[in-house]
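K.L.:
Everything in the sequence shown is counted per this note's numbering, starting at 1 for the first residue and increasing by one.
C-beta: ideal position from N, C-alpha, C; glycine also.
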Amino acid sequence: DLDVETLRRLEDAIMDFPGCVIVISHDRYFLDRLATHILAFEDDGNVEWFEGNYEDYEKDRHRRLGAAADQPHRLKYRKLERG
């Protein structure tokens with residue numbers, strides 16, 4: 001975890017950086033402020049590429065999944081077979 005001052009400096013550095021930055025974070029505010037594209041690994045195993053910030057991604061996810069978007073899902077394990 002970063003303290004508030006360090007996090008703000010990191011945000012500013014990323015905003016000023018002219019290149020591409022790949023960020024992995026659970027901090028929704030951080031993602032909403034900085035992200036221009038989202039690569040989301042969703043509950044059903046689908047990988048979703050979305051152009052926009054986190055808030056827009058969440059709106060799109062709710063549009064696509066409806067009420068199921070906020071329901072927790074248990075992971076389903078498959079037995080691996082060698083062969």
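List the endpoints of the continuous beta strand (DSSP E) containing E51.
P.N.:
The residue labelled residue 51 in the question sits at position 51 within the sequence shown. E51 -> beta strand (DSSP E) spans V47 to E51.
K.L.:
Following the continuous alpha helix (DSSP H) through A67, name the residue where it begins and the one where it ends.
P.N.:
Here residue 67 corresponds to residue number 67 of the sequence shown, with the count starting at 1. Unbroken run through A67: none, as it is neither H nor E.
K.L.:
Strictly by DSSP, which residues pair up with I38?
P.N.:
Position 38 of the sequence shown holds residue 38. I38 pairs with F50.
K.L.:
To which residues of the same chain is Y57 closer than 7 angstroms at the C-beta, ignoring the five residues directly before and after it?
P.N.:
Within the sequence shown, numbered from 1, the residue matching residue 57 stands at position 57. Result list for Y57: I38, A40 and F50, in chain order.
K.L.:
Which residues bound the alpha helix (DSSP H) around D16?
P.N.:
Your numbering for residue 16 matches position 16 in the sequence shown. V4 to D16 is the span of the alpha helix (DSSP H), which, as asked, contains D16.
K.L.:
Can Y54 and A35 be called in contact, C-beta distance under 7 angstroms?
P.N.:
Along the sequence shown, one-based indexing puts residue 54 at 54. Along the sequence shown, one-based indexing puts residue 35 at 35. Cβ atoms of Y54 and A35: closer than 7 angstroms.
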